[in-house]
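Read the structure below first, then the notes.
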Amino acid sequence: MNWSFQPDRPIYVQLIERIKLLIVSGAYPAGSRLPSVRDMASEASVNPNTLQKALSELEREGLVYTQRTSGRFVTEDENMIKQVKKELAIEQIELVTKKLIEMGFSKEEMLALIESRIKEMK
Amino acid sequence: MMAILQCSNLEKTFGYKKALSGVNLSFEKGRIVGLLGPNGSGKSTFIKLCNGLITPTNGTIIIDGKAPGIETKAIVSYLPEQTYLNDWMKVSDIFNFFDDFYADFDIARAREMLSSLGIGEKERLKTLSKGTKEKVQLILVMARQAKLYLLDEPIGGVDPAARDYILSTIIKNYNQDATVVISTHLISDIERVLDDVVFLKNGEVVLLSTVDDIREGKGKSVDALFREVFKC
Numbered sequence: 002m003n004w005s006f007q008p009d010r011p012i013y014v015q016l017i018e019r020i021k022l023l024i025v026s027g028a029y030p031a032g033s034r035l036p037s038v039r040d041m042a043s044e045a046s047v048n049p050n051t052l053q054k055a056l057s058e059l060e061r062e063g064l065v066y067t068q069r070t071s072g073r074f075v076t077e078d079e080n081m082i083k084q085v086k087k088e089l090a091i092e093q094i095e096l097v098t099k100k101l102i103e104m105g106f107s108k109e110e111m112l113a114l115i116e117s118r119i120k121e122m123k
Numbered sequence: 008m009m010a011i012l013q014c015s016n017l018e019k020t021f022g023y024k025k026a027l028s029g030v031n032l033s034f035e036k037g038r039i040v041g042l043l044g045p046n047g048s049g050k051s052t053f054i055k056l057c058n059g060l061i062t063p064t065n066g067t068i069i070i071d072g073k074a075p076g077i078e079t080k081a082i083v084s085y086l087p088e089q090t091y092l093n094d095w096m097k098v099s100d101i102f103n104f105f106d107d108f109y110a111d112f113d114i115a116r117a118r119e120m121l122s123s124l125g126i127g128e129k130e131r132l133k134t135l136s137k138g139t140k141e142k143v144q145l146i147l148v149m150a151r152q153a154k155l156y157l158l159d160e161p162i163g164g165v166d167p168a169a170r171d172y173i174l175s176t177i178i179k180n181y182n183q184d185a186t187v188v189i190s191t192h193l194i195s196d197i198e199r200v201l202d203d204v205v206f207l208k209n210g211e212v213v214l215l216s217t218v219d220d221i222r223e224g225k226g227k228s229v230d231a232l233f234r235e236v237f238k239c
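Chains as they are written, first to last, in my numbering: chain Y, 2 to 123; chain X, 8 to 239.
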C-alpha cells in the first residue's frame, strides 16, 4: 500500500490523521502492538523521522504508548478511541455542511437530503 | 547532534567558471537530505568534492572529523552519476570485489537485494540494460553499512517501479547513525523520503530547510517551491 499525501500540508500531520483513521477503524485495534517505525515508514514510503514525529504526537495525545522493551501499542482505553472517532466524524460533517451551506441549502434540506441518501445506500 | 559532514566557505572553480561558491553546510547523523537543483547547479561538483575526486579551490570539507581521503572513503558509500564498473565482469565478481575492498560491505544483503530485483548473479554487466546496471550499482552502494551515503542522481535513469524500490531500500536501510544525501531534480518522487532539503542555484545554497517546515510555512510542497525558485 502506498499512502498518498496532499502537497500543501506537512506530511507528519497527514500521517497523524492516517494513523488515527487506522486506529478508529479497527485496523490497529485497541491494545494491539503497532508495527515498528521501520516497517510502518516502509509501508507508507515516508521518512522514518517524519513517522517518528507523528507517533510522538499521537503518544502525547495518549492514543498510543510506548513500552520500553516491547514497542509501541495502541491505547487500551476504548472510550478515548470512541472519542477520537467522534471528533474525526465531526470534522468531516463540518466540511460537508460548510460546502452545502455555500451552495444555499437550509438545515432542514440538508438533513432531509442526507437522510434519504443514507436510506438509499442500504 | 553531531554533524557527519561539514563544509565551510566551499568554493570550486573550473577555469573562469564558478561551479560552487560560499557553500556552508552541515549534515547531521540520521538525516536523509535532498540536494536539489537544476542541471549545472553544482550538485555533482559538491558530491565529487566530498569524495575527494576533485579538490576545493577554497574552503574546507570535514567528514567525520577528517578531510576527504582514504579514511573517509571507508565510511562513505558513493553512487556516482556514471557507471565505473568493468563491463566484462559478472555481478558475482563485482560483489566479491566490493567484499574484498570495503570492510562494511554486507554481501549477504547484496545477494538478497539482487534476487528481490530478479537479477542473476552470474550475469555479465555487458548483457544488462542501462537501468539494470544502475540497479546493480545501487545495490553495491546500499549494501555497505556506511556512515554517509552520497547518491548522485540515483533515480534518474530507472523506471518508476525501480524508483519505488530504490526509495523503499533507502527507508529500510535507515539507520540513526547514518546520513543519506541524495542529489536529484526529480523532487516529487523523493520529497516524502527526505528530512531536509538544500536548494542549489548557480553554485550557491539558496535554501536550507526541513520538508515539513516548507510545507507548513509556505503551504506548498517542496516540488512546487522548487518550480517557483527555479522558474525559467
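The beta carbon of each residue, even a glycine, is placed where N, CA and C say it ideally should be.
The model shown is predicted, which means the values in this text are computed figures rather than measured ones.
Local Cβ density within 10 Å of residue i, reported as buried at 16 or more and exposed below that
i, result
"Ala153 of chain X", "buried"
"Glu79 of chain Y", "exposed"
"Leu16 of chain Y", "buried"
"Thr191 of chain X", "buried"
"Asp220 of chain X", "exposed"
"Gln89 of chain X", "exposed"
"Tyr156 of chain X", "buried"
"Ser195 of chain X", "exposed"
"Gln144 of chain X", "buried"
"Ile102 of chain Y", "exposed"
"Val30 of chain X", "buried"
"Ile119 of chain Y", "exposed"
"Ala74 of chain X", "exposed"
7 Å Cβ shell around residue i - same chain, five flanking residues per side excluded
i, result
"Ala28 of chain Y", "none"
"Leu121 of chain X", "Val98, Glu128, Ile146"
"Lys137 of chain X", "Gly164"
"Ala169 of chain X", "Gly138, Lys142"
"Ile82 of chain X", "Asp71, Ala153, Lys154, Leu155"
"Glu160 of chain X", "Glu88, Ser190, Thr191"
Where residue i sits in the DSSP three-state scheme
i, result
"Asp100 of chain X", "helix"
"Glu35 of chain X", "strand"
"Asp203 of chain X", "strand"
"Phe74 of chain Y", "strand"
"Leu157 of chain X", "strand"
"Phe237 of chain X", "coil"
"Asn46 of chain X", "coil"
"Tyr172 of chain X", "helix"
"Ala26 of chain X", "strand"
"Glu211 of chain X", "strand"
"Arg61 of chain Y", "helix"
"Leu193 of chain X", "coil"
"Ala42 of chain Y", "helix"
"Val47 of chain Y", "coil"
"Gln84 of chain Y", "helix"
"Gln152 of chain X", "coil"
"Val97 of chain Y", "helix"
"Tyr13 of chain Y", "helix"
"Ile162 of chain X", "coil"
"Ser37 of chain Y", "coil"
"Glu41 of chain X", "Note on residue identity: the sequence assigns Gly, not Glu, to residue 41 of chain X. In this structure, Gly41 of chain X counts as strand in the three-state DSSP scheme."
"Leu112 of chain Y", "helix"
"Lys123 of chain Y", "coil"
"Arg131 of chain X", "strand"
"Leu22 of chain Y", "helix"
"Ala231 of chain X", "helix"
"Phe105 of chain X", "helix"
"Ile221 of chain X", "helix"
"Ala55 of chain Y", "helix"
"Gln7 of chain Y", "coil"
6 Å Cβ shell around residue i - same chain, five flanking residues per side excluded
i, result
"Tyr109 of chain X", "Arg151"
"Val148 of chain X", "Ser84, Leu86"
"Leu1 of chain Y", "The first residue shown for chain Y is 2 and the last is 123, placing residue 1 of chain Y beyond what the model contains."
"Lys25 of chain X", "Gly210"
"Lys133 of chain X", "Asp94"
"Leu158 of chain X", "Leu86, Ile189"
Own chain, CB closer than 8 Å to residue i, minus 5 neighbours either side, in chain order
i, result
"Tyr66 of chain Y", "Glu60, Arg73, Phe74, Thr76"
"Thr217 of chain X", "Asp202, Asp203, Val204"
"Lys21 of chain Y", "Leu59, Leu64, Val85, Leu89"
"Tyr236 of chain X", "Looking at the sequence provided, one finds Val at residue 236 of chain X rather than Tyr. Cβ neighbours of Val236 of chain X beyond the five flanking positions: Phe206, Lys208, Val213, Leu214."
"Gln7 of chain Y", "Gln15"
"Arg19 of chain Y", "Trp4, Ala45"
"Met9 of chain X", "Glu35, Lys36"
"Val229 of chain X", "Gly41, Leu43, Ile194, Glu198, Leu201, Val204, Val218, Ile221, Arg222"
Test: residue i CB closer than 8 Å to a CB of chain C
i, result
"Ala153 of chain X", "Judged by its chain identifiers, the structure shown contains no chain C, and its protein chains are Y and X."
Using a Cβ-Cβ cut-off of less than 8 Å, give me the residues of the segment 167–196 of chain X that come near chain Y, in sequence order.
Asp171, Leu174, Ser175, Ile178, Lys179, Tyr181
Just to confirm the assignment: which complete beta strand (DSSP E) runs, minimum length 3, are found wholly within the segment 47–92 of chain X?
65–70, 83–86
At a CB distance below 7 Å, what residues from the segment 97–113 of chain Y approach chain X? Give them in sequence order.
none
Got a sec: which bits of the segment 35–47 of chain Y sit with their beta carbon under 7 Å from any beta carbon on chain X, in order along the chain?
Arg39, Ala42, Ser43, Ser46, Val47
Output, in sequence order along the chain, the residues in the segment 51–75 of chain Y whose CB is closer than 9 Å to any CB in chain X.
Thr51, Lys54
Residues in the segment 221–239 of chain X with C-beta within 8 Å of chain Y's C-beta atoms, listed in sequence order?
Arg222, Glu223, Gly226, Lys227, Ser228, Asp230, Ala231
At a CB distance below 9 Å, what residues from the segment 80–94 of chain X approach chain Y? Give them in sequence order.
none
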